[in-house]
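Asks: Residue numbers (our numbering): 134 to 485.
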């Protein structure tokens, strides 16, 4: 973070020993993971690899990352060197977040959620910091020249992100404390966690009631999803398991969505109506965009909806239906939020 954006922030030195050591060990385990090491190596390299680029975006002619098939020599070594010298006390956090973590009881849900928030902020800050260092193998100007070149603005791919390290909707650099560097921070946490980590802030917009992931992968959902109970438990075991060797624990990151990640939220509804965000400045709200295209990738309950409609017709035609599967589909179609396209009709499917 820049000096100006750190003025009201503080280090984790204010935490008691238990909370301090818990956070320190959990962050160390993340930083030792392959996904974190590769992510930070890409930032130090100066360009994402082509695999990272295509994980997020469709092909844009001439994008510098397309030909960047693998890390340049020395990039991974620089990331490992940074990790070996990293001191967590260099990070800065809001006093309210540190206070909420300090007040949380170990092994409580609040404790886990605040820990995850601190870890997401940490990974974000590290990404932003590394981006601002001198010495990247590919200079930032390499991407900026392509970004700023003259082009046909009527083409579908004419839009250019502010940096090569951009993550979906998280590119509103004018309202970020550290500008472009914060966009890179969102990219880093998105790559590591599987998406930007956001929380149900409740009516007060200061709480941490549940955690969600806003993935922006090219072939993944655009909706915001919670980890499954199994994904959440695996993450906590990885972060807090006994011992100091992260090799003893399988890293569950990144957490990507499947049809089992229910209770999806529309990104606009989440931040504009239902208090789901990490920081209010992370995305510009604007007006809601409406689309007639509904995908089961975004809304798994659409699969149940179609199944139950077909079941209704099968019964009318005298076709045998699996009643156990019907009951399971009825249960799953209730696991939706008010922003789901199935919300208004969910009760009617119980009558099938």
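No residue lacks a Cβ here, since even glycine has one placed at the ideal position from N, Cα and C. Here the structure is a predicted model, which is why all the values come from computation and not from measurement.
For the beta strand (DSSP E) holding residue 346, just list the boundary residues, first then last.
Replies: The residue you call residue 346 lines up with position 213 of the chain shown. Unbroken beta strand (DSSP E) run through residue 346: 344-347.
Asks: Would you mind sorting residue 252 into buried or exposed? The rule is 16 or more other CB atoms within 10 Å of its CB.
Replies: Walking along the chain shown from the start, residue 252 turns up at place 119. By the 10 Å Cβ count, residue 252 comes out buried.
Asks: Where are the alpha helix (DSSP H) runs, 4 residues long or more, that stay fully inside the region 398-433, in chain order?
Replies: 400-405
Asks: Candidates 382, 446, 234, 455: which alpha carbon is nearest residue 161's?
Replies: Translated into positions along the chain shown, residue 161 becomes position 28. Looking at the Cα atoms, 382 is the closest of the given residues.
Asks: Less than 7 Å between the C-beta atoms of residue 245 and residue 430, yes or no?
Replies: Here residue 245 corresponds to residue number 112 of the chain shown, with the count starting at 1. Here residue 430 corresponds to residue number 297 of the chain shown, with the count starting at 1. For residue 245 and residue 430, no; Cβs fall outside 7 Å.
Asks: Is residue 270 helix, strand or coil by DSSP?
Replies: For this step, residue 270 is matched to residue 137 along the chain shown. Coil, per DSSP.
Asks: What's the gap between the Cα of residue 278 and the Cα of residue 408?
Replies: Here residue 278 refers to the residue found at position 145 when the chain shown is read from its first residue. Here residue 408 refers to the residue found at position 275 when the chain shown is read from its first residue. Computed Cα separation, rounded: 38 Å.
Asks: Output the boundary residues of the alpha helix (DSSP H) element that contains residue 330.
Replies: In the chain shown, residue 330 corresponds to position 197, counting from 1. Residue 330 -> not in any alpha helix (DSSP H); beta strand (DSSP E) instead, spanning 329-333.
Asks: Could you give the first and the last residue of the continuous alpha helix (DSSP H) run that contains residue 367?
Replies: Taking the chain shown and counting its residues from 1, the one referred to as residue 367 is at position 234. First-last of the alpha helix (DSSP H) with residue 367: 362-373.
Asks: With DSSP collapsed to three states, give me the class of residue 357.
Replies: Counted from its first residue, the chain shown places residue 357 at position 224. Three-state result, residue 357: strand.
Asks: Look at the Cβ atom of residue 142, then the Cβ atom of residue 225, and state whether they are nearer than 7 Å.
Replies: On the chain shown, position 9 is the one that residue 142 refers to. On the chain shown, position 92 is the one that residue 225 refers to. Against a cut-off of 7 Å, the Cβ pair of residue 225 and residue 142 comes out as a contact.
Asks: Between which two residues does the alpha helix (DSSP H) holding residue 352 run?
Replies: Counted from its first residue, the chain shown places residue 352 at position 219. Unbroken run through residue 352: none, as it is neither H nor E.
Asks: When the Cα atoms are used, what is the spatial distance from residue 297 to residue 146?
Replies: As a position in the chain shown, residue 297 is number 164, starting the count at 1. As a position in the chain shown, residue 146 is number 13, starting the count at 1. If I take the Cα positions, the gap works out to 34 Å.
Asks: In chain order, what residues of the same chain have a beta carbon less than 7 Å from the beta carbon of residue 177, not counting five sequence neighbours either side?
Replies: In the chain shown, counting from the first residue as 1, residue 177 sits at position 44. 208, 211, 212, 263, 269.
Asks: Which residue comes first and which comes last in the alpha helix (DSSP H) that contains residue 245?
Replies: Reading the chain shown from its first residue, position 112 is the one you call residue 245. Residue 245 -> alpha helix (DSSP H) spans 242-264.
Asks: Taking only the alpha-carbon atoms, compute the straight-line gap between residue 155 and residue 257 and give it to the nearest angstrom.
Replies: On the chain shown, residue 155 is found 22 positions in, with the first residue counted as 1. On the chain shown, residue 257 is found 124 positions in, with the first residue counted as 1. Looking at the two C-alpha atoms, the distance is approximately 19 Å.
Asks: Can you find the residues in the same chain that come closer than 7 Å, C-beta to C-beta, to residue 249, ignoring five residues on each side of it along the sequence?
Replies: The count along the chain shown starts at 1 and reaches residue 249 at position 116. The residues are 330, 344.
Asks: Based on DSSP bridge pairs, tell me the residues matched to residue 303.
Replies: Counting from 1 along the chain shown, the entry for residue 303 is found at position 170. Beta-bridge pairing links residue 303 to 300.
Asks: If we count the other Cβ atoms within 10 Å of its Cβ and call it buried at 16 or more, is residue 301 buried or exposed?
Replies: As a working mapping, residue 301 is identified with position 168 in the chain shown. Looking at its Cβ environment, which holds 16 or more other Cβ atoms inside 10 Å, residue 301 is buried.
Asks: Would you check if the region 321-340 and the region 385-399 touch, i.e. whether three or more CB-CB distances between them fall below 8 Å?
Replies: yes
Asks: Go ahead and pull the three-state DSSP assignment for residue 226.
Replies: Sequence index remark: in the chain shown, residue 226 carries index 93 (1-based). DSSP places residue 226 in strand when its eight states are reduced to three.
Asks: Could you tell me whether the region 438-451 touches the region 404-424, using the rule of 3 or more Cβ pairs below 8 Å?
Replies: no
Asks: Using only the alpha-carbon positions, how far apart do residue 267 and residue 291 sit?
Replies: Working through the chain shown from its first residue, we reach residue 267 at position 134. Working through the chain shown from its first residue, we reach residue 291 at position 158. So the alpha carbons of these two residues sit roughly 29 Å apart.
Asks: List the endpoints of the continuous alpha helix (DSSP H) containing residue 325.
Replies: Position 192 of the chain shown, counting from 1, holds the residue named residue 325. Residue 325 -> alpha helix (DSSP H) spans 313-326.
Asks: For residue 444, which of helix, strand or coil comes out of DSSP?
Replies: To locate residue 444, count along the chain shown from 1; it is residue 311. Three-state result, residue 444: helix.
Asks: Suppose contacts are defined by Cβ-Cβ distances below 7 Å. Is residue 333 in contact with residue 261 by that definition?
Replies: Here residue 333 corresponds to residue number 200 of the chain shown, with the count starting at 1. Here residue 261 corresponds to residue number 128 of the chain shown, with the count starting at 1. No, Cβ-Cβ distance for residue 333 and residue 261 is not below 7 Å.
Asks: Along the chain, where does the alpha helix (DSSP H) containing residue 169 start, and where does it finish?
Replies: Locating residue 169 in the chain shown gives position 36, counting from the first residue. Taken as a continuous stretch (DSSP letters only), the alpha helix (DSSP H) holding residue 169 covers 167-178.
Asks: Among the candidates 283, 295, 390, whose CA atom is the shortest distance from the CA of residue 273?
Replies: The residue given as residue 273 occupies position 140 in the chain shown. Cα-wise, what sits closest to residue 273 is 295.
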